[in-house]
Each structure stands twice: as structure tokens, then as C-alpha cells.
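Q:
Residue numbers (our numbering), protein chains in the order written: chain S, 1 to 275; chain G, 276 to 673.
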């Protein structure tokens, strides 16, 4: 039996970690509700709760267009990346072909490549190709950086699915495509969800590509746009407005995690084969 | 329904020297229940998977009905299969699992409903239709897997060790169930198992395989009474057949337990072999004191010290150790390893009547029925008395 003291120590340790991670978040939330000069009130909570900052943020076209860009670019990049990764991972998990190891290790090498080193060349290339400051110009780098990770995650999931599932489907009269779509993909749903979250977060949180490969409202995503925020007047720091914007862009992330958390249920495959 | 014909079917796996399945010929008639049996690694599952289309056929031809199906994809062969680990779709309910093959064939909803209900009723799954596979017990999952196969109008039904994951009691029940359904529906069935009891109780005919080579295809009774070689004789039957060294001179056969005369016909068959392996099943021994004079005279009575006795109520097993010469011991040891049975010493197992009062550690008068004895060539393992037993038996029972 664990002694009382260790239990207490564990609880204290846990609390410390929770406080360490959640305090800055709460601080930002609290800041976003502070009106005008209230940010200097030297208190944790605002003197008066106000939605002014949110109104300001949504009235700024800089932010609304950035939000639209972020949502669009991240969603397209996620869907495209996950669909491609699912097909690739299935091939890697199921088929024996020449260069399989090579594909996997190259994918890993790409994932480890520092993004900053690529930004310069990409900037030049995108300009001559005419996709600088477009959605496509961001979707392509997002996909190429997230695909390797998604392929690795998904092929691990596919490998866990017993071969017999597919063979049973084939004997039952399914074409390979039907077996894949009706049996393998639903079974790999937790893996697909995990990969989607990873890809989405990468695209949603990216700053380096966002600020380097865009110039105007046409394609600039939120993290980059925040850097261009100004206050009501030139002398005023836009801290509260940035906080409000930060809270707004955090919400989709939280929602996503909550949705997918349900799908990432361990043991979904239990009962498929002898347990 | 359709027949299945295997013609010189061979399977070679890349990197392996010996073929996994070596030129197997097998005719499975329409509506017949055929069992493929053998120890692990004998190629029985590979044959089944080649029939299903899950494994490529290296050489030979496979016909379902009159159609050569070597190059057809599994879905075009119209066969149903039950997998060893059931392979149920965990994300679908029991109902949808059973309906899955029908849905793939775009059957209308009413037909799906009707056929799923019918197959669920046959397997007593009606109350479970809304559950997910993870909420079922092993036996229930097994029945769902069968339901998914039986719901179809397949040309033949393939079973790959369907009962090996169940406990002994459930296995017995399901065995009876499968047998009942098969005869009720009259479906062509190929059933793979390593369990010789399943093989004996279920099949119309049993095909015994060893290292990819077909040994014998026969109805269970013939397999038991007329095994073609040492391997089949040792594999079929529990407790297994006893093997003793035997030497022959003229018409006199010398066994470790005594000597006996054999018929001139038999002597002819075994001529040229100095040392033989005599095989006799445990139940063809008896306590000599329980027999009437007439029967006693027809067999060989001998006295041996009993080592161990196992009393089972309805009968009892007595164990009698004996020494075997090198020439015989080697093939017997090989056979034991192949059958995964760890035979520590050469001994006789005899089944005695429960009435018998023989005691452990004491000599007992035992009797053996020579008409039921088989003689094997220790080199080739071939049964030299194969085909003669019928006559001998009629003689003995006359």
C-alpha cells in the first residue's frame, strides 16, 4: 500500500504542474476581459468584466480575414494531408514493395528538417511560381511537413489491425477498395483522428511560414496577423486586443480536442479477434 | 452448392526449400463435409486459404463446380469462410456483421432483414443482434462468425479451426451444432482442424496431411480401422495406437509380449522385412480373466507387470513399459516429435474393462486381438496389412 505521505507529495506535484500550465492561459483570458487601462490594475481579475476587446477584434478586418484564412488553410491542409497519409500508410502497412524503407526514412528526414532553413528558398520559388501570398502557397508547405508524421502515425495504427479483418471482407465479397473503406478506415478511426489533430495543430499554430510567405490579407493566418495588431492609438499597446484574439483562436483547438477525444477510445478493436 | 476439385495443388513459399503443400489431389463432392486434419505446419490451413483465394496457388488447378478458379479474386469465388479468430468487424453490430456480405451484394433491405433473422434464429443470436462484438463471449462471437458465413448462398463453406479458441465444454456443444447445421442445410463444407476428435466426429471424409503431403482420405471409420501408414495410425485415435517391435520368421511373429502365428497371406505380405512395427489399438487388449474360453483362444494371452493404472469409471487405462530395439525406436521417436507428443518411454497403453481387477505393480494376464493388429514397415512407415484387415475382422467376429 502506498503511504499517505507519497500520496500527498504526488498530489502537490500534480497541482504544481497544473498551475504552471494553466495560469498563463487564465491570465490571457482575464486580460482579454479588461477594458482600456484596466490592464494595469495589478490584479488578476478585471475590475469590470467587459467584452470591448472582443468587439474591437471582430471589427478589425485584419483579424477577421486572418481568421477566415486560418480556418480555410488549416482545414484544407488537414483533409488533404490525412487522406494522402491514410492511403500511403495503408500501402506501407500492407504491401511489400521495393523502397518501402526508403520512403519511410525519407519521410522522417523531411519531418526533421528545420523549417527556417526552407523559408528563404520557398519565398523565392513561390514568387516566381506566382503562389506567393495565396492559400495554396501555405497549404503546400503545411502538407509536406505534416505528411511524414501522419504517415508514421497511421501506418502504426494500420499495422495493429489484424489481416484477417480484410481477408474476411474479401471473402465476404468486398473489392480491395470496399474492404479498405468499410472495414479498415473505420477501424483506424482513432488513428485518423490523432493524425488529423496533429496536422491541424501544426497548420493552425504555424507562424514562420505564415509571416514569410504572405504579404496581405489574402492569405495571412491569425498567428502572423497578431503581429500586425495595433492599439486604439499609436501609443497604446494592443495587449488586451491580442489577448482577446488569442482566446478566440484557442477555442477551435479546444473544441477539436473535445470532439476527437471521444473518438480516440482505446480498445475500439477489442472483440474483433479473440480477446 | 458446388463441388470442389483440387488437382495437384502445390504451394511454395518464397525462401522455403520444401513446398508447404505438395501436389495435393482432392475431390470434394457437392454437399460433402470434408475435414483437413494434421499436426501444426502440415499445410492444412494453407490449402483452405488457397481454396478461398487468400493465398496464391503455385502449381496445380482448383475447380469450384466446373469453373477453374485459380486466378479469381476471393470475392468472385462465392465461398464463405469462418476464421480461427472469428475476424468480426468490431465497429459493426452483430446484425450488421451478419448482414455485411449481403450489403456488399447490394441486397434489398427486406431480403437482408429476412435472411439475417433466419440465420440469427438458427444460431440463437436473436437477442444479441444489437450488440457489438466486444460485448460478446467467445462462444457468441464464434456463432456470429458462423452466422456471417451461413447467411450467404455460397457455393461452399470453409472453416479454419473455428473451435480452437473455445473451452472444452463449449467446443463440444459447437461441434454438435456445426454437424447439425451442416447436415440440415446439406452444404459443401471444408473444415480445417488439428484436433483428431473433431475430425472423426464431424466429417463425411477426413483428409490427413503430413508436411504438405496428403496421406489418406477416407471416412472416419476407415481411417481408424485401416490407416495406410504409421503416421495416420499414430495421429488418429486417443489414446494413440500402441507400437511394438516385431520380428518375423516364416509364419511366426515375435512380439515383446509373446509369439504368435500369422496367416500365410500375411506372412507373404511382410516377407523380406526382418523387423516390423506392430500397431495395435489400446481397446483391442483385454483382461484375459474376463473373457470366455472361446475368445481367449482366438487371441494371444500374455502376462506382464502393470506399471500404472488410470481408472476412468467407464473404463481404465493400464500402462506397461517395454524395451524397443534401436531399429524400431528411431522411427517411433520421429513419429512422436512430428505428432507433438512427448513420448518419454516406449510403453503399451491398454484399455481394460472397468470391471477388471488388475492392480498396479503386479503382473496381470492380458489378451490381445491379433486380427486387429497392423504391421508397418519401419523404413517407409507403410501399413503392410492395409486392405487385409476386413477379412481378418470378419474371421475374428465369426
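Cβ atoms here follow ideal geometry from the backbone N, Cα and C, with glycine treated the same way.
For the alpha helix (DSSP H) that residue 446 of chain G lies in, which residues bound it at each end?
A: Start and end: 443 to 460.
Q: Please identify, using Cβ separations under 7 Å, the residues of the segment 367 to 387 of chain G that lie next to chain S, in order along the chain.
A: Listed by position along the chain: 375, 376, 379 and 380.
Q: Just the Cα atoms here: how many angstroms apart are residue 330 of chain G and residue 483 of chain G?
A: So the alpha carbons of these two residues sit roughly 21 Å apart.
Q: Taking 7 Å as the CB-CB cut-off, is residue 499 of chain G touching chain S?
A: Residue 499 of chain G does not count as touching chain S.
Q: Would you mind telling me which residues of chain S sit closer than 7 Å to residue 551 of chain G, beta carbon to beta carbon, in chain order?
A: Result: empty, since nearest Cβ-Cβ is about 45 Å, beyond 7 Å.
Q: Can you tell me where the alpha helix (DSSP H) holding residue 205 of chain S begins and where it ends?
A: First-last of the alpha helix (DSSP H) with residue 205 of chain S: 189 to 205.
Q: Looking at residue 650 of chain G and residue 545 of chain G, is the spacing between their C-beta atoms short of 7 Å?
A: Yes, Cβ-Cβ distance for residue 545 of chain G and residue 650 of chain G is below 7 Å.
Q: With respect to 6 Å, is the separation between the Cβ of residue 424 of chain G and the closest non-hydrogen atom of the ligand PLP below this value?
A: The ligand PLP is absent from the structure shown, which contains no ligands of any kind.
Q: When you compare only the Cα positions, how much space is there between residue 598 of chain G and residue 520 of chain G?
A: Taking the straight line from one Cα to the other gives about 9 Å.
Q: Which residues in the same chain have their Cβ closer than 7 Å to the Cβ of residue 656 of chain G, if we skip the five residues on either side of it in sequence?
A: Once the five neighbours on either side are set aside, the close Cβ partners of residue 656 of chain G are 504, 505, 506 and 606.
Q: Who are the near neighbours of residue 413 of chain G in its chain, counting only those whose CB is closer than 8 Å to its CB and skipping five residues on each side?
A: Here the set comprises 440, 441, 442 and 445.
Q: Can you tell me whether DSSP reads residue 63 of chain S as helix, strand or coil?
A: Correct three-state label for residue 63 of chain S: helix.
Q: With distances taken from CA atoms, which of S:190, S:192, S:154 and S:198 is nearest residue 94 of chain S?
A: It is S:154.
Q: Throw me the rounded Cβ distance for the residue 287 of chain G and residue 294 of chain G pair, which I believe falls under 8 Å.
A: Contact flag correct, Cβ pair sits at about 5 Å.
Q: Where does residue 537 of chain G land, buried or exposed, given buried means 16+ other C-beta within 10 angstroms?
A: Buried is the call here.
Q: Since residue 361 of chain G and residue 417 of chain G are thought to touch, with beta carbons under 8 Å apart, how far apart are those beta carbons, to the nearest angstrom?
A: Sure, about 6 Å apart at Cβ, within 8 Å.
Q: For a cutoff of 7 Å on Cβ pairs, would you count residue 96 of chain S as touching chain G?
A: It does not: the Cβ of residue 96 of chain S has no partner Cβ on chain G nearer than 7 Å.
Q: On the three-state DSSP scale, how would you describe residue 248 of chain S?
A: Correct three-state label for residue 248 of chain S: helix.
Q: Hey, does residue 188 of chain S have any beta-carbon neighbour from chain G nearer than 7 Å?
A: Closer than 7 Å: no.
Q: Let me see if you follow: with CB-CB separation under 7 Å, is residue 271 of chain S close to chain G or not?
A: Confidence in residue 271 of chain S is poor, its pLDDT being 40 and thus under 50, which makes the residue's placement unreliable; the coordinate value appears in the next sentence. Chain G contact via Cβ: present.
Q: Please list, in chain order, the chain G residues whose beta carbon lies closer than 8 Å to that of residue 210 of chain S.
A: Those within 8 Å of residue 210 of chain S in chain G number zero; the least Cβ separation is about 38 Å.
Q: Per DSSP, residue 100 of chain S is paired with what?
A: DSSP lists no partner for residue 100 of chain S.
Q: Using a C-beta to C-beta distance shorter than 7 Å, which residues of chain G count as neighbours of residue 173 of chain S?
A: Within chain G, the residues near residue 173 of chain S are 350, 376, 379 and 380.
Q: Using alpha carbons as the reference points, say which of G:304, G:555 and G:281 lies closest to residue 462 of chain G.
A: Nearest of G:304, G:555 and G:281 to residue 462 of chain G, Cα basis: G:304.
Q: Candidates G:550, G:640 and G:561: which alpha carbon is nearest residue 601 of chain G's?
A: The option with the nearest alpha carbon to residue 601 of chain G is G:550.
Q: With DSSP collapsed to three states, give me the class of residue 163 of chain S.
A: It is helical.
Q: Using a beta-carbon distance below 7 Å, is residue 466 of chain G in contact with chain S?
A: Cβ-Cβ to chain S under 7 Å: no for residue 466 of chain G.
Q: Taking all protein chains shown into account, do 16 or more other C-beta atoms lie within 10 angstroms of the C-beta of residue 102 of chain S, making it buried, or fewer, making it exposed?
A: Its Cβ having fewer than 16 others within 10 Å, residue 102 of chain S is exposed.
Q: Looking only at DSSP bridge pairs, what is residue 592 of chain G linked to?
A: BP columns for residue 592 of chain G point to G:585 and G:626.
Q: Using DSSP with H/G/I as helix, E/B as strand and the rest coil, what is residue 687 of chain G?
A: Nothing can be reported for residue 687 of chain G: it is not among the residues displayed for chain G, which extend from 276 to 673.
Q: Please classify residue 322 of chain G as buried or exposed, where buried requires at least 16 neighbouring CB atoms within 10 angstroms.
A: Buried.
Q: So residue 356 of chain G contacts chain S; which residues on that side make the cut at Cβ distance below 9 Å?
A: The answer, in chain order, is 167, 168, 171 and 172.
Q: Please decide whether residue 164 of chain S counts as near chain G, where near means a Cβ-Cβ distance under 7 Å.
A: Yes, residue 164 of chain S lies at the interface with chain G (some Cβ there is under 7 Å from its Cβ).
Q: Give the residues of chain G in contact with residue 183 of chain S, contact being defined as C-beta atoms less than 7 Å apart.
A: What residue 183 of chain S touches in chain G: 364.
Q: Compare the C-beta of residue 329 of chain G against all C-beta atoms of chain S and say whether one is closer than 7 Å.
A: It does; some Cβ of chain S falls within 7 Å.
Q: Taking the continuous alpha helix (DSSP H) assigned at residue 321 of chain G, which residues delimit it?
A: Start and end: 319 to 327.
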